[in-house]
Amino acid sequence: MSLAIANQTATDSDGFGAACRCITAKMRKSQRFAIFLVHVRGIDRYCAVHGHADGAALLEEFQARLTELAQPSGVVARMGMRKFAVVLDNLRNAGHMRLAAQKIARMLDAIVGADEQSRLGAIIGATNGGDGASDAPELLRRVEIAVLDGRRKNASFNFYEPDTADEILLDWGLEKRLAQAIEDGALEIHFQPKLELATDRIVGAEALMRWSDPDIGPISPDVFIDLAETTGQITDLTHFAIQRSCRQVSAWKATLGSLNIAVNVTPSLIGNTEIVDAVRSASNIWDLEPDSLTLEVTENALMADREAAHRVLTAIRDFGARVSIDDFGTGYSSLSYLKKIPADELKIDRTFVMGMLADRGDYKIVEHTIGIAKSFGLSVVAEGVETSDMLVELQRLGCDYAQGYFICRPVGADAFEEFCRKRG
Ligand code: C2E
Ligand code: CA
Ligand code: CA
């Protein structure tokens, strides 16, 4: 390759080739260099708000500044809509590489307006030019892995580490399968009935996602929700769960009467008002009363960014939907904070409920949580109710609702309907 492009910016279509040529030339000359892959986060959202022309202009400006940084002998290659490979010379050690990454992140910040800074950002993966890589494509593969690993760790800068590569590739396979499942509509929602203890009636259900891969078989939601969280697929999954649940509850109006459906929302989505729009739009589309929908958020979600969580949950409740604090007792929220939580319900974590008759400590936690809920005017749900003795004791303690295998396991929509019919 000619070094003619080395101090220029490569265009979209030949980004990969240009980066390879430049890297190969440097490898041949045994030059010292570092490669960064800059993945711009949040650009889809930016385009949705400001339009594609503004989004494209922003990325072009960023590319121009990266090119300046790479002067005189580095290269910048665009590797796709939101990714740039940057090859820089003369970075002597990891500290220098980290400084360069910080500089790149600040360059992006400087282009974006202050109100967008928290929404747009970069994940930068890096590796050294040497490090025993056989060729240029291998080095570019390593920085891709560094970016994916950074995303998993929630780190904005990440060095390539051979040990994590295998893990990432495994996740990568699963990530692709999950993306396919989302696209094919292969995910399902199961419903677990929620029993009102005062009336002995089923008043609603928790929506729990199910995924069975054709080759692997059923994959636990703990695994794929966690994966979706690190890959950015969680928003799609959650919106799907909300839409499907609302559609189902709307259909059940005719057969079972009105029910409340509780959908789980992971902490990362509670910092952003997008979830409020999703709730509003699903309720409208399926013509539901706003209080037919409950969002379950874990106690820890509230602790991560209190102000943002407060804003978002308040907006949910202002709309008329309900908020339930899931896995209550496993986090660290203080009583003084609890006083201010915009919530309607506490949900006692199943580990305490399951242990309440065998373990004095668990019993006390269940008892106190019910007391706390009452004193703050919240309703309280016990999940993980596996025996009739537990149910009787919860009733005695004044618990409002119960959920668990003793009542019914999570089941498909038809089985849920049948269960409710039989129960009368
Ligand atoms: P979770 O929100 O605490 O959900 C309750 C879990 O307890 C479910 O596990 C349910 O099947 C299980 N369970 C219910 N009753 C009993 C019982 O009597 N005994 C025992 N041992 N377990 C019981 P599942 O379905 O495997 O879900 C695990 C977690 O995955 C959920 O915990 C939730 O955090 C997450 N999850 C599931 N679906 C979704 C979803 O649509 N969106 C999000 N964000 N997370 C989801
Ligand atoms: Ca839950
Ligand atoms: Ca729970």
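Its first residue numbered 232, the sequence shown is counted upward by one per residue in this note's numbering. Don't be surprised by glycine CBs; every beta carbon is placed ideally from N, CA and C.
Practice item. Determine the direct distance from the alpha carbon of residue 493 to that of residue 485, and round the result to whole angstroms. Key: Within the sequence shown, residue 485 is the residue found at index 254, counting from 1. Within the sequence shown, residue 493 is the residue found at index 262, counting from 1. When rounded, the distance between both Cα atoms is 19 angstroms.
**Study point:** Residue(s) in a DSSP beta bridge with residue 624
**Key:** Stepping through the sequence shown from its first residue, residue 624 is reached at position 393. Looking at the DSSP output, residue 624 shares a beta bridge with no other residue.
Review point. Between 610, 617, 527 and 628, which lies nearest to residue 597 when the distance is taken from Cα to Cα?
Key: If you number the sequence shown from 1, residue 597 lands on position 366. Among 610, 617, 527 and 628, the Cα nearest to that of residue 597 belongs to 628.
Point to revise | Buried/exposed call for residue 373, threshold 16 Cβ in 10 Å | key: Your numbering for residue 373 matches position 142 in the sequence shown. Result: buried.
Exercise for review: Take residue 544 and list the residues in its own chain whose beta-carbon comes closer than 6 angstroms to its own, dropping the five residues that flank it on each side.
Suggested key: Translated into positions along the sequence shown, residue 544 becomes position 313. Excluding the 5 residues flanking it on each side, residue 544 has same chain C-beta neighbours closer than 6 angstroms at 554 and 573, in chain order.
Practice item. Kindly indicate the opening and closing residues of the alpha helix (DSSP H) around residue 259. Key: On the sequence shown, residue 259 is found 28 positions in, with the first residue counted as 1. Judged by DSSP secondary structure, residue 259 falls within the alpha helix (DSSP H) whose first and last residues are 246-259.
Exercise for review: Return the chain-ordered list of same chain residues with a C-beta closer than 6 angstroms to the C-beta of residue 367, the five sequence neighbours on each side being excluded.
Suggested key: Position 136 of the sequence shown holds residue 367. Beyond the five residues adjoining it in sequence on each side, residue 367 comes within less than 6 angstroms, by CB distance, of 251, 254 and 255 in the same chain, given in chain order.
Check your understanding: Which residues in the same chain have their Cβ closer than 7 angstroms to the Cβ of residue 560, if we skip the five residues on either side of it in sequence?
Key -> Against the sequence shown, residue 560 aligns to sequence position 329. Excluding sequence neighbours, residue 560 sits near 579, 580, 583, 596 and 600.
Practice item. Can you check the stretch 271-334 for any beta strand (DSSP E) of at least 3 residues that lies completely inside it and give the ranges in chain order? Key: You should have 306-311 and 314-320.
Point to revise | residue 426 in three-state terms, based on DSSP | key: Within the sequence shown, numbered from 1, the residue matching residue 426 stands at position 195. Strand.
Exercise for review: Determine the DSSP secondary structure at residue 242, reduced to helix, strand or coil.
Suggested key: Against the sequence shown, residue 242 aligns to sequence position 11. Per-residue confidence for residue 242 stands at a pLDDT of 45, beneath the threshold of 50, marking its modelled position as unreliable; the derived number appears in the next sentence. Looking at residue 242 - three-state DSSP - the assignment turns out to be coil, as it is neither helix nor strand.
Review point. Looking at residue 309 and residue 294, is the spacing between their C-beta atoms short of 8 angstroms?
Key: If you number the sequence shown from 1, residue 294 lands on position 63. If you number the sequence shown from 1, residue 309 lands on position 78. Residue 309 sits close to residue 294, with the two beta carbons spaced by under 8 angstroms.
**Study point:** Contact set for residue 654: own chain, Cβ-Cβ below 7 angstroms, skip 5 residues either direction
**Key:** Position 423 of the sequence shown holds residue 654. So the list reads 433, once near-sequence residues are dropped.
**Study point:** Rounded separation between residue 474 and residue 513 - CA only
**Key:** Stepping through the sequence shown from its first residue, residue 474 is reached at position 243. Stepping through the sequence shown from its first residue, residue 513 is reached at position 282. Each residue's alpha carbon lies about 5 angstroms from the other.
Exercise for review: Go ahead and pull the three-state DSSP assignment for residue 268.
Suggested key: One-based indexing of the sequence shown puts residue 268 at position 37. DSSP places residue 268 in strand when its eight states are reduced to three.
Check your understanding: Does any heavy atom of ligand 1 sit closer than 7 angstroms to the C-beta of residue 456?
Key -> On the sequence shown, residue 456 is found 225 positions in, with the first residue counted as 1. For ligand 1, at least one heavy atom lies less than 7 angstroms from the Cβ of residue 456.
Check your understanding: What do you reckon, are the CB atoms on residue 517 and residue 481 nearer than 8 angstroms?
Key -> Numbered from its first residue, the sequence shown carries residue 517 at position 286. Numbered from its first residue, the sequence shown carries residue 481 at position 250. Yes, they are a contact pair.
Review point. Are three or more beta carbon pairs between the stretch 259-267 and the stretch 312-325 nearer than 8 angstroms?
Key: Yes, they touch.
Check your understanding: At which residues does the alpha helix (DSSP H) containing residue 371 begin and terminate?
Key -> As a working mapping, residue 371 is identified with position 140 in the sequence shown. Start and end: 367-384.
**Study point:** Where residue 391 sits in the DSSP three-state scheme
**Key:** Numbered from its first residue, the sequence shown carries residue 391 at position 160. Coil, per DSSP.
**Study point:** Touching by the beta-carbon criterion (3+ pairs, under 8 angstroms), the stretch 520-533 and the stretch 491-507
**Key:** Taking 8 angstroms as the limit for Cβ pairs, the verdict is that the stretch 491-507 does touch the stretch 520-533.
Check your understanding: Which residues mark the beginning and the end of the alpha helix (DSSP H) in which residue 540 is found?
Key -> What you label residue 540 is simply residue 309 of the sequence shown in a count that begins at 1. Boundaries of the alpha helix (DSSP H) around residue 540: 537-550.
Review point. Is it true that the CB of residue 458 sits closer than 8 angstroms to the CB of residue 405?
Key: Start at 1 with the first residue of the sequence shown, and residue 405 comes out as number 174. Start at 1 with the first residue of the sequence shown, and residue 458 comes out as number 227. It is a contact, given that the beta carbons lie within the stated cut-off.
Point to revise | Residue list, Cβ distance to ligand 3 heavy atoms smaller than 5 angstroms | key: Cβ-based neighbours of ligand 3 within the cut-off: 557 and 558.
Check your understanding: What does a CB cutoff of less than 7 angstroms around residue 609 pick up in its chain, not counting 5 residues either side in sequence?
Key -> Here residue 609 corresponds to residue number 378 of the sequence shown, with the count starting at 1. Hits under 7 angstroms: 574, 575, 576 and 577.
Review point. Which residues in the same chain as residue 296 place their Cβ atom closer than 6 angstroms to its Cβ, once the five residues preceding and following it in sequence are excluded?
Key: Looking up residue 296 in the sequence shown gives position 65. Counting only Cβ-Cβ distances below 6 angstroms, and skipping sequence neighbours, we find 338.
Exercise for review: May I ask you to check if the CB of residue 389 is nearer than 7 angstroms to at least one heavy atom of ligand 2?
Suggested key: Counting from 1 along the sequence shown, the entry for residue 389 is found at position 158. The closest heavy atom of ligand 2 lies 7 angstroms or more from the beta carbon of residue 389.
Check your understanding: Where does residue 493 fall in DSSP's three states?
Key -> Within the sequence shown, residue 493 is the residue found at index 262, counting from 1. Correct three-state label for residue 493: strand.
Practice item. Have a look at residue 647 and residue 426 and give me their C-alpha separation to the nearest angstrom. Key: Residue numbering aside, residue 647 sits at position 416 when the sequence shown is read from its first letter. Residue numbering aside, residue 426 sits at position 195 when the sequence shown is read from its first letter. Straight-line Cα distance between these residues: approximately 13 angstroms.
Check your understanding: Is residue 636 near ligand 1, judged by its Cβ being under 7 angstroms from some heavy atom?
Key -> Within the sequence shown, numbered from 1, the residue matching residue 636 stands at position 405. Yes, since a heavy atom of ligand 1 falls inside the 7 angstroms radius drawn around the Cβ of residue 636.
Review point. So residue 515 is in the alpha helix (DSSP H); what residue range does that whole segment cover?
Key: On the sequence shown, residue 515 is found 284 positions in, with the first residue counted as 1. DSSP places residue 515 inside the alpha helix (DSSP H), whose first and last residues are 505-516.
Exercise for review: Confirm the yes/no value for this check: CB of residue 495, any heavy atom of ligand 2, distance under 7 angstroms.
Suggested key: Here residue 495 refers to the residue found at position 264 of the sequence shown. Result yes, Cβ under 7 angstroms from ligand 2.
Review point. Nearest to residue 507 by alpha carbon, out of 557, 533 and 549?
Key: The residue given as residue 507 occupies position 276 in the sequence shown. The residue with the shortest Cα to Cα distance from residue 507 is 549.
Review point. For residue 336, which of 412, 351, 546 and 281 has the nearest alpha-carbon?
Key: One-based indexing of the sequence shown puts residue 336 at position 105. Nearest option by C-alpha distance: 351.
**Study point:** Whole beta strand (DSSP E) elements within the stretch 439-498, 3-residue minimum
**Key:** Fully enclosed beta strand (DSSP E) runs of 3 or longer: 448-450 and 491-495.
Check your understanding: If residue 650 sits next to residue 424, beta carbons under 8 angstroms apart, how far is it from one beta carbon to the other, in whole angstroms?
Key -> Your numbering for residue 650 matches position 419 in the sequence shown. Your numbering for residue 424 matches position 193 in the sequence shown. Right, the Cβ-Cβ distance comes to about 6 angstroms (below 8 angstroms), so this counts as a contact.
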